[in-house]
Every structure is written in C-alpha cells, then in structure tokens.
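Per my numbering, the very first residue in the sequence shown carries number 73; after that it's consecutive. Where is the CB? At the ideal position from N, CA and C, for every residue including glycine.
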Amino acid sequence: MAVAIAVTRERREGETRCAVTPETVKKLIALGASVTVEAGTGVGAAIPDSEYTDAGASVKPDTRAVLEGADLVLKVRGPTAQEVSAMKPGAVVVAMLDAYREKDTVAAMAGANVTAFAMEFVPRITRAQVMDALSSQANLAGYRAVIEGAYAYGKGFPMMMTAAGTVAPAKVFIMGVGVAGLQAIATARRLGAVVTATDVRPATKEQVESLGAKFLAVEDDEFRNAQTAGGYAKPMSEEYQAKQAALTGEHIKKQDIVITTALIPGRAAPVLVSAEQVASMKPGSVLIDLAVEAGGNVAGSKAGEVVTTANGVSIVGYTNLPGRIASDASALYAKNLVAFTGLLIKDGALAVDLEDEILKASVVTHGGAVVHEGVRG
C-alpha cells in the first residue's frame, strides 16, 4: 500500500508558501506515495488546485479529511494544535518547526505520538545540501532584503551620469555574511551600490571580496577563531563586541542602507546596531533587520512593521521575506522536502531509520517524547 502523504494549507499568520508544487507531487508519487492536498494550499504561491489534480494529487476541502490516515505530513511551518489532533499516532511530520521557540507545538506532537523532523536542523554536510531548506530560503531572503531596502530608500542605487548632473551610488552595508548576507551583497552589487560587509567568521572575508565588496572587521585572535566546525558563528566576548561596535559605528554613520542577518541557533539574535547608532544615521537611511523574529539585530525594530525614527531613519522589520517571493520560495522548499522524503520512503514503504545521520540530527519528537537534546533542554 502506498505511503499516504498529506499537505495542509498553511495557517500561520503571513505564511504564503506551500510545501509541495505540482512538480514535486509527481516526484513524491514516483517514490511510491499517494498525495492528498488541502484545497487552497497553493493560493499564496499562485498554484491553483487544478494543477495539483493534474499532477496526480487528490484535493480535499477539509483539513481532517486530508490528515485522516496520513502516514507523512509535509508542511512549511509547524502544524497547529488542531492539525496535530487530527493526525494518527505514529504519523511523521516534516516542516520548519522553529523548534527552539515553538515549544507548545513540539510538546503537542510528542503528546500525540507523532514523529517530527525539523528542516532547520538538517546538518550542513555534503550529502544533505539538497535538503538544506535554511539555505534555500535564506538565499531568497537576502535577495528580497535588498529589494525592500531599495523600495524604502528614496534614491537610486547605481551611479547615474546625466546631462543634469551625476547621481551618487547608494552605500550598502551587510552585517552577517551567511547565505542571506552573501546573496544580499550580490544583489546590491548588481543594482550598482557600493557594498561593504562584516562578519565575525574569518572565512567570510574572501567570500565578501570575491563578490566585489569590501570587508570590515576587527581582525584579532578572537576573530580568527570565531567559527564552529559546523560553520556557524560563535558568541563573541563583550570586549570584542565593543571593539567591533566602535568600528562599525563609525561606518554605519555614512551608510544609506544597512542589512543585518546575524542569527545564532537556539539563542536570541545579537544586537548589532544600537539605538545610538541608529540615531547617528542620515535622514532617509534604511535598516533591514532579517533577524527580527529572533529578537532583532537592530535596536527598535519591530516584527512585521516599518518603524520611522525621530531622525527620519526607516527600520524595516518584515518577517518571512522568502514568503514575499512565495512562488520561488515554495518551489525551492518543496524540492528540499522531496530530497528529505527520499530518506523516509524505501521501496514504497515508510521506513524511518533514526541511525541515519541526517534523520538523527533533525528528529525532534519520537515515541511520545521530545528527543532532540537542544530542544528538550
């Protein structure tokens, strides 16, 4: 009997992405699964129900009908309590759970004896690159951050020479050079801005310069050892943060657009731009805070809002930037899910091997308990 895969409509506020596309429905069926999709699942990504039907999926209007008997549930964000209550014991959920913060959702899934995998915990190893949803979505977030910055900024990005005079290029500063930061650098450069960037990880300097931007950092011994084996930034000492803040503070004063992207897994986002630094910026300047949902990198940023300060600086705190490009974001995420699902379905049957290094790293609940050490703690 085919593995029954269910995909429900996303119910988290502001979530426009979807977990499957017609293209990936076909790939899931080829794995030996049947796919049932809730009506309206693809609306935010401009995918009508008829395209899912044409791809071989069954479309049902009722959430419980979709989830009834489902072996595997694929979602963008974690399920609601009502969705969890409709799942059978032993069902498997794969989603971006935001497991460190969504503790109630995690507890509900454990209580319902649902095995849940968090796509944000997929390890950054070569074998798992095609499943790396954080990177696929961060790429789009970095791109969109520049577009939002250009929209909020009241001037042009490139240098323009006209008979009436020359328009100076915008100065863009990227703080945090992960996947999102690198894409932001590339996008700002393509638009013609003068770009600088900073990060606590020394390996990023070469990457920044390869994209035609200038690297800015206090390059001391702590900086040279500020990266984990997994490629993430380590928390920096207060002394280093003070030195880096002084350097960047002077730089920020001269910038037109500042984009912050710094996140530390399982912790609140570090504050990179203080209230004093915001106050030092020129009227009309723009800050884009990509970490606003994790507490924010910019003092005064508010999730889902654009704040205009007393000195005329705009602090953009849009959440879910990939969701502002829902069609492309859904297409990339759905492909990540297909690759991950390939680990769960063997010979047309659901076979969850928690000894597999990818599944072991990303499982959050199993057997009625929270099993991920970082989330459980």
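Going by alpha carbons, who is nearest to residue i out of the options?
i    : options                : result
E95  : K407, V424, A423       : K407
A182 : M159, E322, F193, L254 : M159
G264 : G446, G376, M231       : M231
T413 : A127, A190, E278, V267 : A190
N392 : A366, L422, G321       : A366
G389 : S357, A382, A363       : A363
R448 : G284, V178, L404       : V178
A76  : V165, L344, A314, L404 : V165
K325 : Y312, A347, I336, L335 : A347
E291 : I119, A441, S282, M308 : M308
V186 : V424, G446, E445       : V424
G221 : E294, V358, G284, K286 : V358
A224 : A242, A236, Y405, G237 : A242
R339 : Y172, S352, A433       : Y172
E427 : R396, A421, L415       : L415
G226 : A188, T381, S386       : S386
K98  : V378, A91, G128, I119  : G128
S352 : V442, A371, G250, E445 : A371
T437 : P161, L409, T198       : P161
K147 : A298, A217, C90, G253  : C90
V138 : I119, T108, E85        : T108
R261 : G104, G237, Y215       : Y215
H323 : A142, T93, V145, K286  : K286
A188 : V378, R149, A117       : R149
I430 : D400, E192, E174       : E192
V218 : M203, Q201, M247       : M247
T333 : A252, V345, Y405       : A252
G439 : Y124, I101, A180, E87  : A180
What residues match up with residue i in a beta bridge as DSSP calls it?
i    : result
S130 : T108
D361 : T332
K418 : A421
K243 : V266
H438 : A441
A210 : DSSP, once it has assigned bridges, lists no residue as partnering A210.
M233 : T238
A188 : V165, T437
F287 : A269
A260 : Looking at the DSSP assignment, A260 forms no beta bridge with any residue, so it has no partner.
V79  : V109, L146
With a 10 Å radius around its C-beta and 16 neighbouring C-beta atoms as the bar for buried, classify residue i as buried or exposed.
i    : result
T234 : exposed
D176 : exposed
N211 : buried
G328 : The identity of residue 328 in the sequence shown is Asp, whereas the question assumes Gly. The residue is buried, with at least 16 neighbouring Cβ atoms inside 10 Å.
R296 : exposed
A275 : exposed
N369 : buried
S157 : exposed
Q349 : buried
G395 : buried
Q154 : exposed
R196 : exposed
T268 : buried
D293 : exposed
P151 : buried
V361 : It is Asp, not Val, that sits at residue 361 in the sequence shown. The residue is buried, with at least 16 neighbouring Cβ atoms inside 10 Å.
Q209 : buried
L319 : exposed
T238 : exposed
A289 : buried
G114 : buried
A105 : buried
P342 : buried
R83  : exposed
Q201 : exposed
A382 : exposed
For the beta strand (DSSP E) that residue i lies in, which residues bound it at each end?
i    : result
R149 : 144-149
A74  : From DSSP, A74 is part of no beta strand (DSSP E); its letter is neither H nor E.
What are the start and end residues of the alpha helix (DSSP H) that includes residue i?
i    : result
I324 : 310-324
M203 : It is not in any alpha helix (DSSP H) - M203 carries neither H nor E in the DSSP assignment.
I119 : First-last for I119: undefined, no H or E at that position.
M181 : 175-183
D293 : 293-296
V97  : 94-102
Q279 : 276-282
A153 : 153-157
T135 : 135-139
Problem set entry | Secondary structure, beta strand (DSSP E): runs of 3+ residues fully inside the region 340-417 | 358-361, 378-380, 386-388
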